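Residue numbers (full-length UniProt numbering): 1 to 157. Notes follow the structure.
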Amino acid sequence: MYKCCHLITYLFTYYCRKTRNESEKRRRDTFNRLIAELTLLVAKGDRKMDKSSVLKCAINFLKKQHFQAESTSDEASNTVLDHKLRIVTGCNLPEIVQLYMDALAAGTFCIHCSGHIEHASTSFATLFDDAVINISTSKHSESLASLILPMFTQSFF
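Here you go:
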């Protein structure tokens, strides 16, 4: 009985080891086949490359591709934005930026329909007393002054 049990244990162990070895060999063969395919893609010339060199070259190649894809995507989105702005405004992006910078230099402000000042540029304070009131029509300048001047003096002084 002891010999029979020992023989069964030995056969079972041998079978498990054999199955595990075959499984490991299939895994190594698959890995080596994939490395060989990758070598064909990234190899430079006829030189022989070890597995770590193949993987390093593949990583560098993928990083380069990813960077190029990102920069192409950014350029494409900028082109689309520039095209849309040109259709809507009749100006391209650099012209719009220049107009915006000129407006900021001259002074800008934004008034809510309730009469509250939502935004005022720093250069706006020096222009406020004359320019805004003079730009508006005489009919509107009085109502504009009555709405803005009290809030302006409270906000900035």
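Every residue, glycine too, gets a C-beta built ideally from N, C-alpha and C. For clarity, every value in this text was computed on a predicted model and none was experimentally measured.
Pick out whichever of the options has its Cα sitting closest to the Cα of residue i.
| i | options | result |
| --- | --- | --- |
| Leu41 | Asp29, Thr72, Cys57 | Cys57 |
| Asp82 | Ala69, Glu70, Ile96, Gln65 | Ile96 |
Between which two residues does the beta strand (DSSP E) holding residue i run?
| i | result |
| --- | --- |
| Cys113 | Here Cys113 belongs to no beta strand (DSSP E), and DSSP marks it neither H nor E. |
| Ala120 | 117 to 120 |
For residue i, which residues from the same chain have a beta carbon less than 6 angstroms from its beta carbon, with the 5 sequence-adjacent residues on both sides left out?
| i | result |
| --- | --- |
| His112 | Glu118 |
| Ile35 | Lys51, Val54 |
| Met1 | Reliability of the predicted coordinates at Met1 is poor, the pLDDT of 48 falling under 50, and no value is obtained from them. |
Drop a sphere of 10 angstroms on the beta-carbon of residue i, count the other beta-carbons inside from all chains shown, and report buried for 16 or more, exposed for fewer.
| i | result |
| --- | --- |
| Val80 | exposed |
| Ala76 | exposed |
| Thr19 | exposed |
Looking only at its own chain, which residues have a Cβ that is under 8 angstroms from the Cβ of residue i, when we skip the five neighbours before and after it?
| i | result |
| --- | --- |
| Phe67 | none |
Discussion item. Please give the ranges of any beta strand (DSSP E) in the region 67 to 101, keeping only runs that are unbroken, at least 3 residues long and fully inside the region.
Written reply: none
Worksheet item: At which residue ranges does the UniProt domain "BHLH" (15 to 65) contain complete beta strand (DSSP E) runs of 3 or more residues, listed in the order of the chain?
Response: none
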